[in-house]
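Data block below; observations after.
There are 2 protein chains.
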Amino acid sequence: MLIGFEIDYKTLPYSRRERNLVTQTTNGRGPKIRDVALHAGVSTATVSRALTDPASVRPALRDKVLEAVKALGYTPNAAARSLRAGRTRTILVVTRKRWSAPFFSEVLNGIDTTLARAGHAMILGNFDAGDRREEEIIDMMFSGHIDGAIILSGIAADTGTRSMLDAGLPIVSISAAVAGTLAIVTDEGESIVRLADHLLDGGHRRFLYLAGPLGNYNETVRWAALRAHLAGRADATLARIEGDYTMPAGIAAAKDFLAMAERPSAVVACNDEMAIGFMKTVRAAGVAVPGAVSVAGFDGIEFADYCEPTLTTIRQPRFELGAAGAETLLKMLAGTMALADGPVRLVNRLRLADSTAPLGAG
Amino acid sequence: MLIGFEIDYKTLPYSRRERNLVTQTTNGRGPKIRDVALHAGVSTATVSRALTDPASVRPALRDKVLEAVKALGYTPNAAARSLRAGRTRTILVVTRKRWSAPFFSEVLNGIDTTLARAGHAMILGNFDAGDRREEEIIDMMFSGHIDGAIILSGIAADTGTRSMLDAGLPIVSISAAVAGTLAIVTDEGESIVRLADHLLDGGHRRFLYLAGPLGNYNETVRWAALRAHLAGRADATLARIEGDYTMPAGIAAAKDFLAMAERPSAVVACNDEMAIGFMKTVRAAGVAVPGAVSVAGFDGIEFADYCEPTLTTIRQPRFELGAAGAETLLKMLAGTMALADGPVRLVNRLRLADSTAPLGAG
DNA sequence: CTGTTAGCGCATTCAT
DNA sequence: ATGAATGCGCTAACAG
Numbered sequence: 001m002l003i004g005f006e007i008d009y010k011t012l013p014y015s016r017r018e019r020n021l022v023t024q025t026t027n028g029r030g031p032k033i034r035d036v037a038l039h040a041g042v043s044t045a046t047v048s049r050a051l052t053d054p055a056s057v058r059p060a061l062r063d064k065v066l067e068a069v070k071a072l073g074y075t076p077n078a079a080a081r082s083l084r085a086g087r088t089r090t091i092l093v094v095t096r097k098r099w100s101a102p103f104f105s106e107v108l109n110g111i112d113t114t115l116a117r118a119g120h121a122m123i124l125g126n127f128d129a130g131d132r133r134e135e136e137i138i139d140m141m142f143s144g145h146i147d148g149a150i151i152l153s154g155i156a157a158d159t160g161t162r163s164m165l166d167a168g169l170p171i172v173s174i175s176a177a178v179a180g181t182l183a184i185v186t187d188e189g190e191s192i193v194r195l196a197d198h199l200l201d202g203g204h205r206r207f208l209y210l211a212g213p214l215g216n217y218n219e220t221v222r223w224a225a226l227r228a229h230l231a232g233r234a235d236a237t238l239a240r241i242e243g244d245y246t247m248p249a250g251i252a253a254a255k256d257f258l259a260m261a262e263r264p265s266a267v268v269a270c271n272d273e274m275a276i277g278f279m280k281t282v283r284a285a286g287v288a289v290p291g292a293v294s295v296a297g298f299d300g301i302e303f304a305d306y307c308e309p310t311l312t313t314i315r316q317p318r319f320e321l322g323a324a325g326a327e328t329l330l331k332m333l334a335g336t337m338a339l340a341d342g343p344v345r346l347v348n349r350l351r352l353a354d355s356t357a358p359l360g361a362g
Numbered sequence: 001m002l003i004g005f006e007i008d009y010k011t012l013p014y015s016r017r018e019r020n021l022v023t024q025t026t027n028g029r030g031p032k033i034r035d036v037a038l039h040a041g042v043s044t045a046t047v048s049r050a051l052t053d054p055a056s057v058r059p060a061l062r063d064k065v066l067e068a069v070k071a072l073g074y075t076p077n078a079a080a081r082s083l084r085a086g087r088t089r090t091i092l093v094v095t096r097k098r099w100s101a102p103f104f105s106e107v108l109n110g111i112d113t114t115l116a117r118a119g120h121a122m123i124l125g126n127f128d129a130g131d132r133r134e135e136e137i138i139d140m141m142f143s144g145h146i147d148g149a150i151i152l153s154g155i156a157a158d159t160g161t162r163s164m165l166d167a168g169l170p171i172v173s174i175s176a177a178v179a180g181t182l183a184i185v186t187d188e189g190e191s192i193v194r195l196a197d198h199l200l201d202g203g204h205r206r207f208l209y210l211a212g213p214l215g216n217y218n219e220t221v222r223w224a225a226l227r228a229h230l231a232g233r234a235d236a237t238l239a240r241i242e243g244d245y246t247m248p249a250g251i252a253a254a255k256d257f258l259a260m261a262e263r264p265s266a267v268v269a270c271n272d273e274m275a276i277g278f279m280k281t282v283r284a285a286g287v288a289v290p291g292a293v294s295v296a297g298f299d300g301i302e303f304a305d306y307c308e309p310t311l312t313t314i315r316q317p318r319f320e321l322g323a324a325g326a327e328t329l330l331k332m333l334a335g336t337m338a339l340a341d342g343p344v345r346l347v348n349r350l351r352l353a354d355s356t357a358p359l360g361a362g
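So the sequence lines, in the order shown, correspond to chains A and E. When we follow the UniProt record's numbering, the leftmost residue of the first sequence carries the number 1, and every step to the right adds one. When we follow the UniProt record's numbering, the leftmost residue of the second sequence carries the number 1, and every step to the right adds one.
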């Protein structure tokens with residue numbers, strides 16, 4: 001039995017010190033607002049006010065409170081706060097299992113940075129149509145666990161019984177416009193037309209388009225724009241091969257391309273990954289890029305500058321898409337923006353690199 | 001005025017139907033447990049039990065409750081539940097701003113999949129040492145908003161005043177072992193030795209190592225293992241160039257390499273991105289890979305198979321790292337696993353590709 | 001400007 | 001097996 005055993009707090013790591021203070025309070029689970037109130041000699045209401053609306057408390061008292069907060073290592077309980085306030089300062093971000101990490105990770109970064117600055121947290125949820133996870137995502141919308149949602153998945157979670165849209169929370173969709181949400185999109189149709197014009201200017205007339213998944217928003221917009229534009233040129237042809245945005249899909253498309261009797265001279269892929277898989281494969285088969293075929297992508301992922309050859313592509317403002325989406329959602333929560341104020345459109349930039357060249361050049 | 005105006009609910013979208021039902025309940029914000037109880041003719045306690053412990057309620061009553069739940073579109077309020085139960089079924093995952101998206105996105109996928117299966121949500125938080133975000137992360141640990149944390153950042157958020165470790169919640173660190181947490185790591189030291197042996201077998205003796213950020217866990221482990229191993233070979237030399245895991249760092253290293261009087265014949269990069277940036281640059285300068293220099297990476301990101309040439313690397317089980325981390329944390333929460341049961345070690349695999357060849361071959 | 005009080009919605013005692 | 005009542009921790013009315 002140790003009697004009079006003295007702990008020298010100054011030599012202990014602060015964690016130990018704090019833990020010790022914590023145990024001096026009412027119960028085992030860390031200090032509550034009441035503990036702070038007692039320590040500071042004020043009521044719990046004053047503590048609450050000193051923390052959430054400092055201006056409403058006399059400086060002298062406020063300082064006493066903040067001192068007590070620091071001394072006890074008090075952090076307000078989030079659940080109690082949420083229950084009382086009716087909001088959680090938490091946002092749900094939904095993605096799909098097979099997302100394009102190089103593209104979306106930077107969007108996510110933009111979201112996180114913006115939300116964090118506003119004191120909001122971000123719950124990430126992956127789902128694919130049909131799996132149980134989809135139901136959980138919807139439940140979360142109705143559970144009061146979150147204040148709003150950002151959709152990166154291109155579609156809303158919807159089990160047929162109910163949809164995440166029904167919860168009545170503000171929702172923003174980024175990159176793909178989802179009906180019933182405020183969409184943050186880019187001028188992707190115009191962008192792909194600019195790309196096509198660049199290739200047309202280089203003398204290209206036989207085009208091949210590497211498609212994204214059928215029904216996908218971006219796929220639909222890009223294809224429609226490209227097709228409409230080339231339809232206006234009597235001398236141009238446009239073939240199409242289906243794909244799913246992955247590099248293996250680019251490989252598969254390349255095999256089809258290599259088997260074609262009359263090969264197109266210009267390939268426009270619906271995203272960079274497919275373009276990169278395509279280039280790798282045709283080059284391995286002895287088809288020079290851009291010598292024999294020009295290849296362009298879409299998105300402007302980082303690797304577009306490191307593949308061989310560097311990839312002509314359309315650079316989307318990924319971070320800004322995320323930031324604008326988060327900003328917009330915060331405004332909807334604040335009531336200063338509404339669905340009708342959308343969609344928000346950002347501008348892409350054509351980035352020329354070594355994978356495209358005028359017909360016959362390269 | 002519309003009298004006797006009948007709405008045909010069957011032709012309305014379900015969302016409309018549900019919204020209608022919701023308004024039949026006590027207040028504006030959706031049905032509460034009391035509404036369900038009234039609708040089913042039971043007490044709130046029975047509703048609660050029917051939902052959380054169905055076996056404890058007589059089947060007849062249980063069915064009535066579940067029916068009422070469905071009819072009203074009831075979803076339990078998460079904040080109230082958390083406050084009452086003392087846990088949130090939410091996990092915090094911390095990353096750093098400059099993470100390697102190709103590597104960590106798949107780890108994240110493993111985490112999310114595993115947590116979701118167990119009914120847990122995942123809050124994502126980016127931080128960098130010194131910014132305000134770091135404090136928020138720590139606050140979250142103390143706020144009762146989360147039940148535990150997974151560290152992908154390699155270091156614990158720590159302001160000097162307090163650290164996320166002090167909250168007393170279970171914490172797992174993945175890929176880099178963080179003191180005070182249960183670490184999920186790989187046999188990276190052994191892996192890099194296997195890689196070195198492969199190059200030694202090919203006749204290489206002059207090595208160059210492209211380093212990660214000083215102090216980084218993986219950097220430290222890999223460098224120590226490689227250095228110790230080559231130190232055992234009297235005929236081998238090992239140079240080192242600093243970097244920060246990015247492709248531009250690989251470019252910078254390549255410039256230094258090109259300026260060397262006697263160039264090493266084998267380059268081992270601490271991650272794939274640097275190896276890829278390096279290859280791109282030396283090839284552009286006319287140095288053949290692997291003809292003049294063999295290059296190897298570390299991590300096994302997807303793009304390693306699509307760069308030019310394909311990259312010899314060490315493939316880490318990224319999804320499994322995430323899954324194991326989440327699994328482990330869940331066990332810690334359940335009390336069936338503790339810090340002392342770690343670390344958990346997964347095994348990497350050497351993946352040979354076109355960027356390495358025996359000395360003088362290629 | 002500050003203290004007292006009530007209640008956010010739920011899970012869990014304690015009775016029955 | 002079920003119901004009544006309590007309190008998780010906090011903030012917002014209301015009083016003073």
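Beta carbons: idealized from backbone N, C-alpha and C, even for Gly.
Report task. Could you tell me which of A:S105, A:R227 and A:G243 sits nearest to S175 (chain A), measuring between CA atoms? Result -> The shortest Cα separation from S175 (chain A) among A:S105, A:R227 and A:G243 belongs to A:S105.
Query raised in the report: Taking Cβ positions, are R227 (chain E) and E188 (chain E) nearer each other than 7 Å?
Result: The answer is no: Cβ separation not under 7 Å.
Query - A50 (chain E) (DSSP reduced to helix, strand or coil) - result: The answer is helix: DSSP assigns A50 (chain E) an H, G or I state.
**Report entry** C-beta neighbour in chain E for S82 (chain A), strict 7 Å
**Finding:** Proximity of S82 (chain A) to chain E, defined by a Cβ-Cβ separation below 7 Å, is satisfied.
Query - For V94 (chain E), the nearest candidate out of E:L321, E:A340, E:E134 and E:V36 (CA to CA) - result: Answer by Cα proximity: E:E134.
Query - Residue span of the beta strand (DSSP E) that contains F127 (chain E), given as start and end - result: For F127 (chain E), the enclosing beta strand (DSSP E) begins and ends at A121 to F127.
Requested in this report: Step through the CB atoms of chain A and report whether any lies within less than 7 Å of the CB of residue 403 (chain E).
Outcome: This structure does not reach residue 403 (chain E), given that chain E is present from 1 up to 362, and the question cannot be answered.
Report task. With a threshold of 16 other CB atoms inside 10 Å of the CB of V22 (chain E), please say whether the residue is buried or exposed. Result -> Confidence in V22 (chain E) is poor, its pLDDT being 37 and thus under 50, which makes the residue's placement too unreliable to answer from.
Query raised in the report: G202 (chain A) to H229 (chain A), Cα distance in whole Å?
Result: Between the alpha carbons of G202 (chain A) and H229 (chain A) lies a gap of roughly 16 Å.
Query raised in the report: Taking the alpha helix (DSSP H) that G322 (chain A) falls in, what are its first and last residues?
Result: Here the alpha helix (DSSP H) through G322 (chain A) covers R318 to A334.
Query raised in the report: At a cut of 8 Å, does the segment 132-149 of chain E reach the segment 274-290 of chain E through at least three beta carbon pairs?
Result: Proximity of the segment 132-149 of chain E to the segment 274-290 of chain E falls short of the contact definition, fewer than three beta-carbon pairs being nearer than 8 Å.
Requested in this report: Answer yes or no: does any C-beta atom of chain A fall closer than 7 Å to that of Y209 (chain E)?
Outcome: No, Y209 (chain E) lies away from the interface with chain A (no Cβ there is under 7 Å from its Cβ).
**Report entry** Reference I111 (chain A), options A:L330, A:G232 and A:G335, closest by Cα
**Finding:** Nearest option by C-alpha distance: A:L330.
Query raised in the report: Taking contact to mean at least 3 C-beta pairs separated by less than 8 Å, is the segment 265-278 of chain E in contact with the segment 245-252 of chain E?
Result: With a cut-off of 8 Å, the segment 245-252 of chain E and the segment 265-278 of chain E count as touching, because enough Cβ pairs lie within range.
Query raised in the report: Taking the alpha carbon of A177 (chain A) as the point to measure from, which residue in A:I171, A:G41 and A:V185 has its own alpha carbon closest?
Result: Closest by alpha carbon: A:V185.
Report task. Using the DSSP secondary-structure output, state which residues sit across from I276 (chain E) in a beta bridge. Result -> Looking at the DSSP assignment, I276 (chain E) forms no beta bridge with any residue, so it has no partner.
Query raised in the report: Closer than 7 Å, CB to CB, is S143 (chain E) near chain A or not?
Result: Taking a beta-carbon distance threshold of 7 Å, S143 (chain E) counts as an interface residue toward chain A.
Query raised in the report: Who are the near neighbours of P358 (chain A) in its chain, counting only those whose CB is closer than 7 Å to its CB and skipping five residues on each side?
Result: G202 and G203.
Query raised in the report: What do you get for P59 (chain E), buried or exposed, if any count of 16 or more other CB atoms within 10 angstroms of its CB means buried?
Result: It counts as exposed.
Query raised in the report: Any C-beta of chain A sitting closer than 7 Å to the C-beta of M247 (chain E)?
Result: M247 (chain E) counts as touching chain A.
Report task. Say whether chain E places a C-beta atom closer than 7 Å to the C-beta of S105 (chain A). Result -> It does; some Cβ of chain E falls within 7 Å.
Query raised in the report: What are the start and end residues of each continuous alpha helix (DSSP H) run of 4 or more residues lying completely inside the segment 201-261 of chain A, in chain order?
Result: For the segment 201-261 of chain A, whole alpha helix (DSSP H) runs of length 4 or above, ordered along the chain, are 217-231 and 247-258.
Query raised in the report: By the 10 Å Cβ neighbour count, where 16 or more other Cβ atoms means buried, how is T52 (chain A) classified, buried or exposed?
Result: Exposed.
**Report entry** At least three beta-carbon pairs within less than 8 Å, the segment 293-310 of chain A to the segment 78-98 of chain A
**Finding:** Segments in contact, no.
Query raised in the report: What residue does the alpha helix (DSSP H) around L359 (chain A) start on, and which one ends it?
Result: No alpha helix (DSSP H) holds L359 (chain A); DSSP gives it neither H nor E.
Query - Nearest neighbour of A266 (chain E), chosen from E:L200, E:A231 and E:G325 [CA to CA] - result: That would be E:L200, whose Cα lies nearest to the Cα of A266 (chain E).
Query raised in the report: With a cut-off of 7 Å, does the C-beta of E327 (chain A) fall near any C-beta of chain E?
Result: Judged by the 7 Å Cβ criterion, E327 (chain A) is not in contact with chain E.
Report task. Compute the beta-carbon to beta-carbon distance between P76 (chain E) and S143 (chain A), rounded to the nearest angstrom, for a pair I have assumed lies under 8 Å. Result -> That pair is a contact at about 6 Å.
**Report entry** Beta-carbon spacing of S43 (chain E), R49 (chain E) below 7 Å
**Finding:** No.
**Report entry** Candidates A:S294, A:A338 and A:G342, of which the one nearest D354 (chain A) by Cα
**Finding:** Considering only alpha carbons, the answer is A:S294.
Query raised in the report: Cα separation between A224 (chain E) and R96 (chain A)?
Result: When rounded, the distance between both Cα atoms is 39 Å.
Report task. Return the first residue and the last residue of the alpha helix (DSSP H) that L83 (chain E) is part of. Result -> A78 to A85 is the extent of the alpha helix (DSSP H) around L83 (chain E).
Query raised in the report: Along the chain, where does the alpha helix (DSSP H) that runs through R117 (chain A) open and close?
Result: Following the DSSP letters along the chain, one finds R117 (chain A) inside the alpha helix (DSSP H) bounded by residues A101 to R117.
Query raised in the report: Quick one, are the C-beta atoms of R206 (chain E) and P264 (chain E) less than 7 Å apart?
Result: Cβ distance < 7 Å, so R206 (chain E) and P264 (chain E) count as in contact.
Query raised in the report: Quick one, which of A:P290, A:T281, A:R233 and A:Q316 has its alpha-carbon nearest C270 (chain A)'s?
Result: The residue with the shortest Cα to Cα distance from C270 (chain A) is A:Q316.
Report task. To the nearest angstrom, report how far apart L346 (chain A) and I314 (chain A) are at their CA atoms. Result -> Distance between L346 (chain A) and I314 (chain A), taken at the CA atoms: about 13 Å.
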